[in-house]
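Student: Protein chains in written order, with my numbering: chain A, 1 to 277; chain B, 1001 to 1291.
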Ligand SMILES: Nc1nc2c(ncn2[C@@H]2O[C@H](COP(=O)(O)OP(=O)(O)OP(=O)(O)O)[C@@H](O)[C@H]2O)c(=O)[nH]1
Ligand SMILES: Nc1nc2c(ncn2[C@@H]2O[C@H](COP(=O)(O)OP(=O)(O)OP(=O)(O)O)[C@@H](O)[C@H]2O)c(=O)[nH]1
Ligand SMILES: [Mg+2]
Ligand SMILES: [Mg+2]
């Protein structure tokens, strides 16, 4: 990335381009540049390098949202993993199982996608590879029944972390969102001492539609955190800035590949650095 | 929506007297914002708006009683022209079987699309065979097998180990079973993964497809251009399939990819079931992108 040496309208245009090209979106980009210009005025700086640094700080601050405890010592957890089709929910659950096992937590997976061809088989392959148990019914079973089976098994077996995979669903499909609310209700009504974290999985290649996804899933079940996948590609995932500004959901983990070890804890500083690489 | 914003912009400008080029610029800014919001690539937006401007600063707009409507008309025409003026059919090769190769990023909808297109072609009187050349994703072959079983289409999985071999063996199997079209499903891959892009080139060489179809998720953002250009440079894409258009995504990626590669959009995916596929209609997508 080559920047103009002097602070000029062209310099700000260049910054705008980088942000727009990263899927930050026009509205959030304008907000960021307004904040930046205020800061430049306050600091009375004329160095573009310093201005770049201010922008990094502004973005890092927006992304530094306090997140729910994802490792409770002594308190069992339930993760409900949701999102639209193909974003990486099932693969992210495999990665989470590996993550929690590395922290010596016992895990249970629940195959809540009873609709898509070979969805249960896909999670079953992962569960065998990782040596974790899987609760599943047959294809076509009622997702609420599978969820009930999953949460009661997790409680009976005193598993540290139970993870619920769900079918991909477009947020615009009212019947599928109702189905998700039902699954959520079944889990919340049987949590006992368990802490529930609702995780929305977003694909880093997604553009402005991610805002609509975030809004609708939050309205349906409440979102506690985000997993942003496929950051090993060329997409920057800048939409999470717009989501942070509008909804304040914390980003919990990043997906950076297709294997079970390809999960990183979200670090705002690193994310911002990658944004400007 | 854009139409209302443009009318509002021009109504406000009208109050200042005769319209000039600067006024059209202000209206075009609304077009730019609408296209960016629709996920059209920002460079494509820039060149598209410049083309619209060339037409919009003519007498017909500046002297019109309804300049907002004129600009919308120009934008719509330019968009439809860009999308391709009519639907383009799948190429049928003169050798049997005709082979179609499907490629794209992870999770775009390739496997589901292969199933859908198999059913679509069968309804047209063709005899498809599906080839499961994704050997990496857990239960990928199983996914295609289930779709095949549910829809009465033969699926070739081979040894589940070598995608290049699976592709060529599937074609041989099609000849034996007298199937006249082979649809090859491949693993999702990143355009920047040299090894996997190399594998795709080997599959292409072995299969000699009549079409190489890039499957793209309609909610893809600015990165669509990079991805499509890369697949096009390395493979030569003959057509695009845009999936998940049953969502509320505006689908601007379609415009970006079309502008940058010139590839025709052949089909759109409109649902998870096998009937969720439609032949592409340029004017419909143009209206959707404009919001
Ligand atoms: N490169 C890359 N690929 C990923 C990542 N996460 C998931 N994938 C791939 O994306 C594709 C879809 O992943 P899934 O886990 O099946 O996605 P899903 O959300 O469960 O899909 P549905 O259940 O069909 O809605 C697979 O090919 C995964 O290997 C990631 O971080 N990087
Ligand atoms: N709503 C909707 N869902 C779709 C459409 N096309 C595919 N899907 C869903 O998107 C998800 C991913 O589809 P797949 O066919 O597994 O995608 P893929 O490209 O083969 O994925 P990989 O092989 O992992 O790269 C599944 O949940 C499909 O049901 C569509 O047009 N509309
Ligand atoms: Mg899944
Ligand atoms: Mg697939």
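C-beta: ideal position from N, C-alpha, C; glycine also.
For ligand 2, I want to know if residue 116 of chain A counts as a neighbour, meaning its beta carbon is within less than 8 Å of at least one of the ligand's heavy atoms.
Tutor: Result yes, Cβ under 8 Å from ligand 2.
Student: Any beta-carbon of chain E closer than 9 Å to the one on residue 232 of chain A?
Tutor: Protein chains in the displayed structure are A and B, and chain E is not among them.
Student: Return the residue from the list B:1177, B:1198, B:1206, B:1178 that minimises the CA-CA distance to residue 1184 of chain B.
Tutor: Checked all of B:1177, B:1198, B:1206, B:1178; the closest Cα to residue 1184 of chain B is B:1206.
Student: Across the stretch 1159-1178 of chain B and the stretch 1063-1080 of chain B, are there enough close Cβ pairs to call them in contact, namely three or more that are closer than 8 Å?
Tutor: Contact fails: fewer than three Cβ-Cβ distances are below 8 Å.
Student: Cβ atoms of residue 94 of chain A and residue 130 of chain A: under 9 Å apart, would you say?
Tutor: A contact, by the Cβ cut-off of 9 Å.
Student: Taking just the CA atoms, how far does residue 1214 of chain B sit from residue 1123 of chain B?
Tutor: Approximately 23 Å, taken between the alpha carbons.
Student: Taking any Cβ of chain B, which residues in the stretch 60-88 of chain A have a Cβ under 8 Å from it, in chain order?
Tutor: So the close ones are 84, 85, 86, 87, 88.
Student: Between which two residues does the beta strand (DSSP E) carrying residue 1055 of chain B extend?
Tutor: That residue, residue 1055 of chain B, is in no beta strand (DSSP E); its alpha helix (DSSP H) goes 1042-1056.
Student: Under DSSP, the beta strand (DSSP E) around residue 1100 of chain B begins and ends at which residues?
Tutor: Residue 1100 of chain B -> beta strand (DSSP E) spans 1098-1103.
Student: Would you tell me roughly how many angstroms separate the C-alpha atoms of residue 265 of chain A and residue 1041 of chain B, rounded to the nearest one?
Tutor: Distance between the alpha carbons of residue 265 of chain A and residue 1041 of chain B: 30 Å.
Student: Any chance the stretch 1138-1150 of chain B sits against the stretch 114-134 of chain A, with 3 or more Cβ pairs inside 8 Å?
Tutor: Counting Cβ pairs under 8 Å, three or more are found: they touch.
Student: Would you mind telling me which residues of chain A sit closer than 7 Å to residue 1117 of chain B, beta carbon to beta carbon, in chain order?
Tutor: Chain A residues near residue 1117 of chain B: none, gap ~15 Å exceeds 7 Å.
Student: Can the beta-carbon of residue 55 of chain A be found closer than 9 Å to that of residue 80 of chain A?
Tutor: Contact: no.
Student: Excluding sequence positions up to five away, which residues of its chain have a Cβ less than 6 Å from the Cβ of residue 1002 of chain B?
Tutor: For residue 1002 of chain B, where only same-chain residues beyond five positions count, the Cβ hits under 6 Å are 1034, 1290, 1291.
Student: Could you name the residues of chain A that residue 1163 of chain B contacts, counting a contact when the two beta carbons are closer than 8 Å?
Tutor: The premise fails here: residue 1163 of chain B is roughly 16 Å from chain A at the closest Cβ pair, so nothing lies under 8 Å.
Student: With three or more beta-carbon pairs closer than 8 Å as the criterion, would you say the stretch 1102-1111 of chain B touches the stretch 1234-1252 of chain B?
Tutor: Yes, the stretch 1102-1111 of chain B is in contact with the stretch 1234-1252 of chain B.
Student: With DSSP run on the structure shown, which of helix, strand or coil describes residue 1250 of chain B?
Tutor: Coil, per DSSP.
Student: Can residue 1220 of chain B be considered in contact with ligand 1, in the sense that its beta carbon sits closer than 8 Å to one or more heavy atoms?
Tutor: Checking the Cβ of residue 1220 of chain B against ligand 1 gives no.
Student: Taking the runs of the alpha helix (DSSP H) that are 4 residues or longer, which of them lie wholly in the stretch 126-189 of chain A?
Tutor: List check, alpha helix (DSSP H) in window: 143-156, 174-188.
Student: Pick out whichever of A:238, A:178, A:226 has its Cα sitting closest to the Cα of residue 1039 of chain B.
Tutor: Ranking the options by Cα distance to residue 1039 of chain B, first place goes to A:238.
Student: Quick check on this structure: which residue in B:1136, B:1238, B:1233 has the alpha carbon closest to the alpha carbon of residue 1163 of chain B?
Tutor: Ranking the options by Cα distance to residue 1163 of chain B, first place goes to B:1136.
Student: Where residue 100 of chain A and residue 1100 of chain B are concerned, what is the direct C-alpha to C-alpha distance, given to the nearest angstrom?
Tutor: So the alpha carbons of these two residues sit roughly 42 Å apart.
Student: Distance, Cα to Cα, residue 211 of chain A vs residue 1095 of chain B?
Tutor: Each residue's alpha carbon lies about 47 Å from the other.
Student: How big is the Cα-Cα spacing for residue 1109 of chain B and residue 1127 of chain B?
Tutor: Those two C-alpha atoms are separated by around 22 Å.
Student: Find out if the Cβ-Cβ distance for the pair residue 109 of chain A, residue 133 of chain A is shorter than 9 Å.
Tutor: In this structure, residue 133 of chain A lies closer than 9 Å to residue 109 of chain A by Cβ.
Student: Under 8 Å by Cβ, that's how I've got residue 1211 of chain B and residue 1238 of chain B pegged, so tell me the actual separation to the nearest angstrom.
Tutor: Rounded, the Cβ-Cβ distance is 5 Å, consistent with contact.
Student: Go ahead and pull the three-state DSSP assignment for residue 1242 of chain B.
Tutor: Correct three-state label for residue 1242 of chain B: strand.
Student: Let me have the residue list for ligand 3: C-beta closer than 5 Å to any non-hydrogen atom, ordered along the chain.
Tutor: Checking every Cβ against the heavy atoms of ligand 3 under 5 Å gives A:89, A:90.
Student: So is residue 1091 of chain B buried or exposed if we call it buried at 16+ other beta carbons inside 10 Å?
Tutor: By the 10 Å Cβ count, residue 1091 of chain B comes out exposed.
Student: With three or more C-beta pairs closer than 8 Å as the rule, is the stretch 173-180 of chain A touching the stretch 55-67 of chain A?
Tutor: These segments do not touch.
Student: Determine the closest residue to residue 1149 of chain B out of B:1063, B:1261, B:1119, with distance taken between C-alpha atoms.
Tutor: Of the listed residues, the one whose Cα sits closest to residue 1149 of chain B is B:1119.
Student: Can you name, in chain order, every residue of its own chain whose Cβ lies under 7 Å from the Cβ of residue 1055 of chain B, other than the five neighbours on each side?
Tutor: Once the five neighbours on either side are set aside, the close Cβ partners of residue 1055 of chain B are 1074.
Student: Between residue 1258 of chain B and chain A, is there a C-beta pair that is closer than 9 Å?
Tutor: Judged by the 9 Å Cβ criterion, residue 1258 of chain B is not in contact with chain A.
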